[in-house]
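Protein chains in written order, with the working numbering: chain F, 1 to 301; chain P, 1001 to 1301.
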DNA sequence: AGAGGTTACGGGCAGCGTAAGGATC
DNA sequence: GATCCTTACGCTGCCCGTAACCTCT
């Protein structure tokens, strides 16, 4: 008989397009995945997967046929677990990728709530900039990404968290002319923001490019480092307003009043849709709830 | 996660109403079944089965709920196997209960065909009279019964094999008066037939009772023994015509011409309907085909 | 005493992880 | 050389079967 585990592994190999990725996603090793697939192929006496050297692998006809059943089986299994336990079993390991901004605002609250309400969930948090998180998610290295912007791929579910504008902030004593500050005033100073691939960087660059201004950018992937440097008077920072709300409130940073039209950025909780995402969905929903909670709004506003 | 095997075991415990029966049906031991159920109950943190001392056990509410999923899961699994292999995997152990009459007519042909076409099937044949076979089937001790008459229980599938009349046969020299022989002529002699619980016995008894005749019956559960004794002139045998066709053809026995209205008896291939009966169904169908084959008809006619 | 389920215990084997081995770009 | 899958191998843990035990009729 065909094991549930084998189908699960087969499903993720097909889904993520590689043995390695499936292994990472399922928290196991590549040989284990390999053995399962081989066993499956041996049992069904048919090759299921065309091993090509480049991502993604392709399924044979038989493989595609099996995938349908694998998906149905996983779905039935999780439906059963949900029905039997009243609610799905919220336990296991979840790997979350989080953008720095979220780490500094409401991630602690999410972690606290999870530890309190679901002590059997083990979290593995990786912090990185959103473009990297997108890669990690689509290669199966993380299960859930809390970051900027939706991922526009099929089968990825994006739960919008909250939208925030980009604020220009400086050290209180830092000299900036103009009220409101114009773009050219800002461009005279070094601008600190996230790394080149991120939305804040690109949005800043696009308005500057439109105005034909040149500028010294200080891209930096660490939010706390950017904040530190800004407080130390290195330049003007362009950061999500929520990320610096505390420092602005405490007077460590001063928010510039400008009329520069920077489009706001939207955070999302994104994850790959699969038959067994009850756990991840729950966490994403909880994240949305916490991110939008009045308490949080007040705390960071 | 819940194993396929656990669901299968749970299904059969529920279906057959006991741990022991399920163990027999699944070719395993009672402790193994017990352990699986215990593990399942532990995993779902709920009692699934009320252990009562008498058959059948009853399911708790949770147990009944799980049974639905177990059945769906088994069904999906066998649907998948069927779809993937083109045809279901015809291999494994099948326990067949066979009535003596069939053993002496076309069972060898069935066994030969199975051994030839499906060498991976292991047969375990038990021979007994039909009422006993019915018990064995409903308690899960056999998977398929080839015997007299349908089993009128829900979830039992009966495939009609062929109908045969009951013949009165005697040794060639045995003195019987009358042509055609009347019932009272027969009642003067000892009558050999199957044991008390069987259809031939009961049918003979009912016509005799209707005529208010008393008679000496020699019930015997072994067909070959009955034939032997009849050839030796012990009395008149009432047996399915097909069972003595060979002896009549070879002249070892003589068939009496009578006008006694004995209702014919019907053989069936009967088995319990379950989500995974592809193998048993195939054998039952093959049995029907062989039993009704012209070659067989000729051979026994 | 017998039927039916549980507990105890030892052995076998499946499946996993580590590490080394191709193959292809 | 880098990436990706496969093979080799030792180990762990699960699951099964045997046997003894419990409990109710």
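Think of the CB as a built atom: it goes at the ideal place given N, C-alpha and C, for glycine as much as any other residue. A quick note: this is a predicted structure, and the numbers were derived from the prediction, not measured.
- [ ] State the Cα-Cα distance for the pair residue 11(F) and residue 1064(P), rounded to the nearest angstrom.
- [x] Roughly 30 Å between the two C-alpha positions.
Open item on the list: So, under 8 Å CB-CB, residue 1139(P) and residue 1051(P) are touching, yes? Tell me the CB distance rounded to an integer number of Å.
Closed with: Not a contact, Cβ separation roughly 18 Å.
Task: Assigned secondary structure, residue 257(F) (DSSP; H/G/I helix, E/B strand, else coil) - done: coil
TODO: Give the residues of chain F in contact with residue 1065(P), contact being defined as C-beta atoms less than 7 Å apart.
DONE: 83 and 84
Open item on the list: Under 8 Å, with one C-beta from each stretch per pair, do the segment 1122 to 1129 of chain P and the segment 1088 to 1099 of chain P reach the 3-pair mark?
Closed with: yes
TODO: Could you tell me the distance, in whole angstroms, from the CA atom of residue 287(F) to the CA atom of residue 110(F)?
DONE: 6 Å
Task: Straight-line gap, residue 155(F) to residue 272(F) (C-alpha atoms, nearest Å) - done: Straight-line Cα distance between these residues: approximately 6 Å.
- [ ] Below 9 Å between beta carbons is the criterion; list the residues of the segment 19 to 30 of chain F that meet it against any residue of chain P, in chain order.
- [x] none
- [ ] Please classify residue 266(F): does DSSP put it in a helix, a strand, or coil?
- [x] strand
TODO: Please look up how many angstroms separate the CB atoms of residue 234(F) and residue 192(F), rounded, as I've assumed it's under 8 Å.
DONE: 6 Å
Open item on the list: For residue 1299(P), would you say it is in contact with chain F, using Cβ-to-Cβ distances shorter than 9 Å as the test?
Closed with: The predicted model places residue 1299(P) with a pLDDT of 44, which falls under 50 and marks its position as unreliable, so this point remains unresolved.
- [ ] Determine the contact status of residue 161(F) and residue 137(F), defining contact as a CB-CB distance below 9 Å.
- [x] no
- [ ] Excluding the 5 residues preceding and the 5 following residue 122(F) in the sequence, name in chain order all residues of the same chain whose CB lies nearer than 8 Å to its CB.
- [x] 92, 93 and 94
Task: residue 1227(P) to residue 1039(P) span [Cα, whole Å] - done: 53 Å
Open item on the list: Measuring alpha carbon to alpha carbon, tell me which residue in 1067(P), 1041(P) and 1027(P) is nearest residue 1275(P).
Closed with: 1067(P)
Open item on the list: Measuring straight from C-alpha to C-alpha, what distance separates residue 214(F) and residue 260(F)?
Closed with: 16 Å
TODO: In the DSSP assignment, find the unbroken beta strand (DSSP E) run with residue 1160(P) in it and report its ends.
DONE: If you look at residue 1160(P), you'll find it in the beta strand (DSSP E) that goes 1156 to 1164.
Open item on the list: Under 9 Å, Cβ to Cβ, is there at least one residue of chain F near residue 1080(P)?
Closed with: True, the Cβ-Cβ gap to chain F drops below 9 Å.
- [ ] Could you check what DSSP says for residue 1109(P) in three-state terms: helix, strand or coil?
- [x] helix
Open item on the list: If I measure Cβ to Cβ from residue 1047(P) and keep anything under 8 Å in the same chain, skipping five residues before and after, which residues do I get?
Closed with: Once the five neighbours on either side are set aside, the close Cβ partners of residue 1047(P) are 1041, 1060, 1062 and 1063.
Open item on the list: Using beta carbons (cut-off 9 Å, strictly below), is residue 183(F) in contact with chain P?
Closed with: no
TODO: Note down, in chain order, every chain P residue with its Cβ under 7 Å from the Cβ of residue 72(F).
DONE: 1076
Task: Continuous alpha helix (DSSP H) stretch holding residue 19(F): start and end - done: 19 to 25
Open item on the list: Using only the alpha-carbon positions, how far apart do residue 1165(P) and residue 1200(P) sit?
Closed with: 10 Å
Task: residue 1202(P) classed as buried or exposed, judged by whether at least 16 other C-beta atoms fall within 10 angstroms - done: exposed
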